[in-house]
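Numbering (our numbering) for the sequence shown: 755 to 1084.
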Amino acid sequence: MARPGRPAMPKPDLHPLVDAFLDMLTTERGAALNTRQAYWRDLADVSLYLRSKRNTDIDKATTEDLQAYLKDLSGKTHIKGSHKGKIAVRTVARRLSALRQFYRFVISEESRDDDPTATIESPKQGRTLPKTLTEAEVTALIKTAAGTGTPENIRLVCLLEMLYATGLRVSELVGLPLSAMGENNEFLTVAGKGGRERIVPLSGPAKKAVENYMNVRKHFIGTENRDNQAQWMFCSRTSDSGHLTRQRFAQLLKDLSRAAGIEEGKVSPHVLRHAFATHLLSHGADLRAVQKMLGHADIATTQIYTHILDEKMKKNIKEKHPLSKTASGN
C-alpha cells in the first residue's frame, strides 16, 4: 500500500522465469517474504533497465547488457531522508548476487545454457563494521521509553528489553506469535531464516517487561478482526497483518532516540541487535552461543562483532596506554 500523499509505483510485468525463480525461493529454499521481496525489487530494477535502455529482456541479456546496467547503477545517486550520495558498493554487489542466483536457476531450468554473469567481477567492498550503541545509550533508551507508564510506554519498553535480551531480527520480533512465549516467559521459540527454529532465553528485565506488557496488551486489540490480532505478541489494531509493523517500530525508535538525546539515525532495530551481540561478547560470552542466539548459519557472520571489539580495544590502548602518550609527545 502506498503511503498517503505518495503515488504508488507501477509494478513491472516481469518475465515468467523471474516469477518461477521467486516461487522456487519460497517453496524449495523456504525464503522469508522479506527475502522474496528483496529479490523481486532487484530483478525488477534490472528488467526495467534492460527493456528501456538495451531493448532486451532479462532472459536474453548478455554479459555486456548486465555490465552496462551495473555501470549505470554505480553512477546513480541515492536520496534517503536528508542525505544524498552515490549508490553504495554493497547495493551493486547485492544486485549482481541476485542476478547470479537467477541465472543459475535459469540454466537449471534449461532455458539457456550460458551464465552472462560468469565473467563479471564483484565490486570490491571495504569491510564495514556494524553500527552499535554503548551500554549507557541502551540504558538511556529504556529509561526514556518508560515515560509516564502509558500502555504505549510499557509496550515500547517490552520491545526494547526483548530485542536487547535476544538479538532477534526485527521481522522476528514484531511478527512473534503469542505461542512463541515459553513457560513463565523463560524463553522464546523463534522460527528464523530458512525455517530454522531456535530457542532463545530471556533476561530478568525482559521477563519483567513481558509481564508488565501482558497486563496492558488488550489495549492494542481492536473490536474488528480480533482473532487475527490476538495471535500475535505485539498485536495492532491498525495494521493489515494484525501485528506491529517493522516500519512503525523503526519510527518509534527514531522518536525515542531523539527524546533520549542520542544522535539521530544512530538507533534502529538492527543496531540494537548489533548491541546485543557486541555487549555479550565484550562480557565474555562464547562466540558459538551468540551465533546460535542470533540465528546465524555461518559463524563468520557472527565474527564481525569481534572486529568491533578489536577496534575499540585498539582505540582504548591508543588513548590510555602510558607508552602511547609518551610516543605522541616525542
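We treat Cβ as the ideally placed atom computed from N, Cα and C, and that holds for glycine.
Notebook entry, point to check: If we count Cβ pairs, one from each stretch, closer than 8 angstroms, do we get three or more for the region 898-914 versus the region 1000-1013?
Noted result: yes
Check: Going by the beta-carbon positions, is the gap between alanine 1014 and leucine 927 smaller than 8 angstroms?
Finding: By 1-based counting over the sequence shown, the position of residue 1014 is 260. By 1-based counting over the sequence shown, the position of residue 927 is 173. Cβ atoms of alanine 1014 and leucine 927: not closer than 8 angstroms.
Margin query: Buried or exposed, going by whether 16 or more other CB atoms sit within 10 Å of the CB of leucine 787?
Written below: By one-based count along the sequence shown, residue 787 stands at place 33. It is exposed - the Cβ of leucine 787 has fewer than 16 other Cβ atoms within 10 Å.
Notebook entry, point to check: Between leucine 942 and valine 954, is the Cβ-Cβ spacing less than 8 angstroms?
Noted result: As a first step, residue 942 must be located in the sequence shown, where it is residue number 188. As a first step, residue 954 must be located in the sequence shown, where it is residue number 200. In this structure, valine 954 lies closer than 8 angstroms to leucine 942 by Cβ.
Notebook entry, point to check: So which of Asp819, Ala960, Phe775, Ala798 has the shortest CA-CA distance to arginine 808?
Noted result: Taking the sequence shown and counting its residues from 1, the one referred to as residue 808 is at position 54. Of Asp819, Ala960, Phe775, Ala798, the residue nearest in Cα terms is Asp819.
Margin query: Between the alpha carbons of glycine 976 and glutamine 983, how many angstroms are there, rounded?
Written below: Looking up residue 976 in the sequence shown gives position 222. Looking up residue 983 in the sequence shown gives position 229. Approximately 8 angstroms between the Cα atoms of the pair.
Check: Cα separation between lysine 830 and alanine 919?
Finding: Counting from one through the sequence shown, the residue named residue 830 turns up at place 76. Counting from one through the sequence shown, the residue named residue 919 turns up at place 165. Approximately 39 angstroms, taken between the alpha carbons.
Next item on the list: Could you check the C-alpha separation between alanine 798 and serine 865 for me, to the nearest Å?
Entry: Walking along the sequence shown from the start, residue 798 turns up at place 44. Walking along the sequence shown from the start, residue 865 turns up at place 111. Approximately 19 angstroms, taken between the alpha carbons.
Check: From which residue to which residue does the beta strand (DSSP E) around valine 954 run?
Finding: For the purposes of this step, residue 954 is taken as residue 200 along the sequence shown, with counting starting at 1. Its beta strand (DSSP E) spans residues 951-955.
Check: What residues match up with histidine 997 in a beta bridge as DSSP calls it?
Finding: Walking along the sequence shown from the start, residue 997 turns up at place 243. Cys989, per the DSSP bridge assignment.
Notebook entry, point to check: Who are leucine 927's beta bridge partners in DSSP?
Noted result: Here residue 927 is taken as the residue at index 173 of the sequence shown, counted from 1. Leucine 927 is not bridged to any residue.
Next item on the list: Using the DSSP secondary-structure output, state which residues sit across from leucine 942 in a beta bridge.
Entry: Within the sequence shown, the letter at position 188 stands for residue 942. In DSSP, leucine 942 forms a bridge with Met935, Val954.
Checklist line | beta strand (DSSP E) runs contained entirely in the region 835-912, provided each spans 3 or more residues | finding: 837-840
Next item on the list: Count the other CB atoms, across all protein chains shown, that sit within 10 Å of the CB of serine 1078; report buried if there are 16 or more and exposed otherwise.
Entry: In the sequence shown, residue 1078 corresponds to position 324, counting from 1. In this prediction, serine 1078 scores a pLDDT of 43, lower than 50, which makes its location untrustworthy; no coordinate-derived value is stated.
Notebook entry, point to check: Do glutamate 906 and isoleucine 1016 have their CB atoms nearer than 8 angstroms?
Noted result: For the purposes of this step, residue 906 is taken as residue 152 along the sequence shown, with counting starting at 1. For the purposes of this step, residue 1016 is taken as residue 262 along the sequence shown, with counting starting at 1. No.
Notebook entry, point to check: Where do the ends of the alpha helix (DSSP H) carrying asparagine 788 lie?
Noted result: The count along the sequence shown starts at 1 and reaches residue 788 at position 34. Per DSSP, asparagine 788 belongs to the alpha helix (DSSP H) from 787-807.
Item checked: Cβ shell of lysine 878 (< 8 angstroms), same chain only, five flanking positions each side left out -> In the sequence shown, residue 878 corresponds to position 124, counting from 1. Contacts found: Val843.
Item checked: Backbone CA spacing between tyrosine 1087 and histidine 1024 [nearest angstrom] -> Outside the displayed range of the chain (755 to 1084) lies residue 1087, so it cannot be described from this structure.
Next item on the list: Count the other C-beta atoms from every protein chain shown that fall within 10 angstroms of the C-beta of isoleucine 861, then say buried if there are 16 or more, exposed otherwise.
Entry: One-based indexing of the sequence shown puts residue 861 at position 107. With fewer than 16 other Cβ atoms within 10 Å, it is exposed.
Check: How is the alpha helix (DSSP H) around serine 1022 delimited, first residue to last?
Finding: Translated into the one-based positions of the sequence shown, residue 1022 becomes position 268. Careful: serine 1022 lies outside any alpha helix (DSSP H) and carries neither H nor E.
Margin query: Just verifying my parser: in three-state terms, what is the DSSP assignment at aspartate 773?
Written below: Working through the sequence shown from its first residue, we reach residue 773 at position 19. Helix at aspartate 773.
Check: Is the Cβ-Cβ distance between arginine 887 and threonine 871 less than 8 angstroms?
Finding: Locating residue 887 in the sequence shown gives position 133, where the first residue counts as 1. Locating residue 871 in the sequence shown gives position 117, where the first residue counts as 1. The sequence given here has leucine at residue 887, not arginine. No, the Cβ-Cβ distance between leucine 887 and threonine 871 is not below 8 angstroms.
Notebook entry, point to check: DSSP on aspartate 742, reduced to helix/strand/coil?
Noted result: Because the chain spans 755 through 1084 in this model, residue 742 falls outside it and cannot be assessed.
Notebook entry, point to check: Could you give the C-beta distance for phenylalanine 852 and tyrosine 803, rounded to a whole number, given that I count them as a contact under 8 angstroms?
Noted result: Taking the first residue of the sequence shown as 1, we reach residue 852 at position 98. Taking the first residue of the sequence shown as 1, we reach residue 803 at position 49. Here residue 852 is alanine; the residue named in the question, phenylalanine, does not match the sequence. Going by Cβ atoms, the distance from alanine 852 to tyrosine 803 rounds to 13 angstroms, so no, they are not a contact pair.
Next item on the list: Report, in whole angstroms, the separation of the C-beta atoms of glycine 996 and asparagine 979, which I expect to be a contact under 8 angstroms.
Entry: Translated into positions along the sequence shown, residue 996 becomes position 242. Translated into positions along the sequence shown, residue 979 becomes position 225. Indeed, because the Cβ distance is near 7 angstroms, the residues count as touching under 8 angstroms.
Note to self: Could you tell me the alpha carbon to alpha carbon distance between alanine 963 and threonine 893, rounded to whole angstroms?
What the structure shows: Position 209 of the sequence shown, counted from the first residue, corresponds to residue 963. Position 139 of the sequence shown, counted from the first residue, corresponds to residue 893. Cα to Cα, the separation comes out at about 14 angstroms.
Item checked: Cα-Cα separation, threonine 781 to phenylalanine 859 -> The count along the sequence shown starts at 1 and reaches residue 781 at position 27. The count along the sequence shown starts at 1 and reaches residue 859 at position 105. Cα to Cα, threonine 781 sits roughly 14 angstroms from phenylalanine 859.
Item checked: Member of Gly1038, Val800, Ala1031 whose CA lies at the smallest distance from the CA of glycine 921 -> Taking the sequence shown and counting its residues from 1, one reaches residue 921 at position 167. Ranking the options by Cα distance to glycine 921, first place goes to Ala1031.
Notebook entry, point to check: Taking the alpha-carbon positions, what's the leucine 1006 to threonine 845 distance?
Noted result: Translated into the one-based positions of the sequence shown, residue 1006 becomes position 252. Translated into the one-based positions of the sequence shown, residue 845 becomes position 91. For leucine 1006 and threonine 845, the distance between alpha carbons rounds to 26 angstroms.
Notebook entry, point to check: Hey, methionine 987 and leucine 1026 are a contact pair by Cβ (cut 8 angstroms); roughly how many whole angstroms apart?
Noted result: Numbered from its first residue, the sequence shown carries residue 987 at position 233. Numbered from its first residue, the sequence shown carries residue 1026 at position 272. So it is not a contact: roughly 17 angstroms between Cβ atoms.
Note to self: Could you tell me the alpha carbon to alpha carbon distance between threonine 992 and phenylalanine 1003, rounded to whole angstroms?
What the structure shows: Here residue 992 is taken as the residue at index 238 of the sequence shown, counted from 1. Here residue 1003 is taken as the residue at index 249 of the sequence shown, counted from 1. Using only the alpha carbons, I get a separation of about 13 angstroms.
Check: Cβ of glycine 936 within 7 angstroms of any heavy atom in the ligand PLP?
Finding: No copy of the ligand PLP appears in this structure; indeed no ligand is present at all.
Item checked: Cα-Cα separation, serine 933 to glutamine 985 -> In the sequence shown, residue 933 corresponds to position 179, counting from 1. In the sequence shown, residue 985 corresponds to position 231, counting from 1. Their Cα atoms are separated by approximately 8 angstroms.
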